[in-house]
Every structure is written in structure tokens, then in C-alpha cells.
Amino acid sequence: MKIQASRRVQSIGAYAFAEVDEQVAKLKKKGITPIDFGVGDPTCPTPTVVRSATKKGVETRKSAGYPSYIGSEDYRKACAGWMKKRFGVKVNPDTEICATLGSKEAVFNFAEGFVNPGDVVIIPTPGYPPYSRGTLFAEGKTYYIPLLPENNFLPDLDAIPKGICRKARILWINYPNSPTGVNAPLSFFKKAVAFGRKHDIIIASDEAYTEIYYGKPPHSILEMAKQGVVAIHSMSKRSAMTCYRVGWIAGDSRIVDTFKKVKTNIDSGTPTFIQDGAIAGLKDEKHVRQSRKEYRQKRDILVDGLTAAGLPDCTPEATIYLWQRVPDGMTSVDFATKLLDPDIAIVTTPGAWISDKTNKGLNPGEGYVRFALVPSIKETRAAAKKLKNLKL
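The sequence shown runs 739 to 1130 under my numbering.
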């Protein structure tokens, strides 16, 4: 019997972070324990307030049955309440919010609700792979806009060809940005909303990192408008709940309603006891402040080591990532490979692996590596010491 993958699956390469995991496994087979800055999965414990509420929820809901596809009323109200307190944005929990299995599910499946074969989705690069993978599985076409240092890693919306704008159904934006660590000013969100309205393009704002910041609190695009706009949020980074798979989408009720139809036909809801844990997490800011404090400490330690090695200062404004320029004459893979030397054993993600080439053949991630600030403070200090002795 011949087994052949679909054209969709054949068209995509390996998932970048799966390749990072493979590099880690190779080092471990050699008896080397690397310091892993590769994948952005927090290693700190999920906060006690979340774990306690989840445990209680397991017993409270021991006969609860299937969870709601769109999230419990209590959870949706908690999300709406948090957005009002955090951003000053009023959203209707019944019509303008839908629970999600973290942000990845929402991002990947979003295109299924709005993209017909041949429609275009405008995607920033470097960026989160599900923006493009979801588009391809929906049989849409991708148009990549580069995030470049000369534009402070903001997309140049004016440079998008008119022909692309006529065919586009969705524009993805992501601020605070992964992997560059840049915040977007309200003026950019205002411009993005105007761009969407002018061309009848949905603006989908991935806001998974709004709570990991080191200066002024980041904004939500929903502060500018809800019409034609949605924001996607996740508990993964804010509350170290990556394993729990819980988040939400909020915004224009027409868009959210369509997303609900997609979701109810593709998957199920987040377990209700996990929603209970998320509600408790949303009501507690103490653990979030502590998390920011620890990420800042690790950021500063690692940046000190990198600059001492002679590399450009890459201090981010937000997120858990450093977007480090590599030494002259080296590619992103060259530098990441050098750091994998057994005497160094530091794992990073080459920028070229998490970037897609634009229509002009530019890979804007080339020349960078991404450090995810997930190792402990002790491990980060050890890595910085190694970097300071690095011979470039």
C-alpha cells in the first residue's frame, strides 16, 4: 500500500522548534547537558494560585462532562474583566470573546474561517510559524512583509503592493513582537486599523506577550478599534501555563462568531477545571510582576555576556526573547552551530529558521539568533560566563 502525504503537508518543511529539540537531544546523547535557550517554553513552575484553583476545579467539576467549545461563562467574563482593567477595553463576554486552546490553535485555524483558495494572507517575517502554516492548510497564499531594524521591526504597510491588498483577507501583526522584542506604539495600531478598513482586510493581532515587558506596558490594538479587528491572548507566557492550553480571542463580534463556527467543527473546548485555573491566574497580578522581574534579571545577565563578547547590544523592550545580531561573516546557522560546541553547549534558534523569504528573496531572520530566556537565573549566569570567553 502506498502512503503519500497531502500536498499541504509536503509543502511545509520541518517545524523549526522541532529541529531545535533535535539539537538538544544530540548533545544529551553525548553526555552533555546544554543550556537551552532554544524553545520559548518557561521552565519556572506554574504559579501556586493557578495550580490550587485547577486542583479544586478537578473535584468541583468531577461530573462536568464535555467543556463548552467557546469557554464557560465565568471564564469569558474573567477575560473581559481583565481586558477592561488592563487595557480599558470593554468587550462583551457573550458575543466578543471565545476561549481557545492557547494561541496556537486560534492562530492556525483562524484562516479557515475567512480564506478561500487563492486568497492572500499578509504575514510578518520573522514570525510565528502557524501564521503561514494555517494559511497554507486553508489553501490561501502567503505574502510576507519583512521586519527590519531600519523600521524598528515594524512592518512597512505602505510598501505592500495594491494588487496584494485587493486579494488579501487577513493581516497578521504581533506586538510585543516575537522574536525581536519590540513594542508597537499606538500610532502603529492606528495605522494598521486604517489599513484594514481601507482594503477590507481583517487585522488579527497576536498579543500573547503583552504581560512580559520591561518599560511601559504594551497596548492592545483593541484600544483603537474593534470593528474589523481581533486580538488573540494566551495564558502561556503571562502565567507559565504552556502545558494547560488556554487562551482567548476577542474583538469584532462578526469575526468572533465565524471563528466559533470553525472551532466547534475542528476541536473541543479547554477543560473547565483548567479554565478555573486561568480565572484564578487572571485575578492575580503578583505572580506576573515576579515573572517580569526574573525575566528582566535574566535579560540583563545574558545581554551583559553577549556585549562582553563583542556583539551588538540587543536589549529587548518586551517578550522573553533576545534577537541577537551574529558576528560579521557568519550566518545565523553558523553562529548557532558554534554555540553548540561541546565546550559551550548553548542552544539557540537560528533566525533563518523562523523567517520566511519575502517575494524579493529576502530572509530578514538571516544574521540573527534568538535566545529564549527560559533557563534558570543560575544557568543564565553560567551561559553569560561562557559567552564572555567566546572567541569570535
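Glycine included, every Cβ here is placed at the ideal spot set by N, Cα and C.
Here the structure is a predicted model, which means the values were calculated and not measured.
Spatial neighbours of Asn890 in its own chain (CB-CB distance under 7 Å, excluding positions within 5 residues in sequence) are listed in chain order as Val920. Contact between the segment 858-872 and the segment 905-917 is present: three or more C-beta pairs spanning the two stretches fall below 8 Å.
Lys1123 sits in a helix when the DSSP states are folded into three classes.
Under DSSP, Thr1087 forms a beta bridge with Arg1108. Ranked by Cα distance from Gly795, the options Asp812, Asp1005, Phe926, Pro780 are led by Asp812. A distance below 7 Å between beta-carbons, with the five flanking residues on each side excluded, links Cys836 to the following residues of its chain, in chain order: Ile808, Gly809, Trp986, Ile987, Val994, Phe997, Lys998, Lys1001. The same chain holds no residue with a CB closer than 7 Å to that of Arg745 once the five nearest residues on each side in sequence are set aside. When Gly840, Lys822, Val1085, Phe1011 are compared, the shortest CA-CA separation from Glu834 is found for Lys822.
Glu1055 and Asp1038 have their C-alpha atoms roughly 12 Å apart. DSSP places Val994 outside any beta strand (DSSP E); the residue lies instead in the alpha helix (DSSP H), whose first and last residues are 991-1004. The three-state secondary structure of Asn889, taken from DSSP, is helix.
Apart from sequence neighbours up to five positions away, the residues of its chain that approach Glu877 with a beta-carbon distance below 6 Å are Pro855, ordered along the chain. Arg907 sits in a strand when the DSSP states are folded into three classes. Apart from the 5 residues on each side of it in sequence, Phe927 sits with its Cβ closer than 6 Å to the Cβ of Ile959, Met962 in its chain, given in chain order.
Listed in chain order, the alpha helix (DSSP H) runs fully inside the segment 746-817 are 754-767, 786-798, counting runs of at least 4 residues.
In this structure, Lys936 is the residue among Lys936, Leu1060, Thr786, Leu874 with its C-alpha nearest to the C-alpha of Lys900. The Cβ neighbour count for Ser1029, taken over all protein chains shown within 10 Å, is at least 16; the residue is labelled buried.
The residue from Leu909, Leu874, Gly953 with its alpha-carbon nearest to that of Lys1031 is Gly953. Residue pairing of Thr863 in beta bridges, as defined by DSSP: Pro884.
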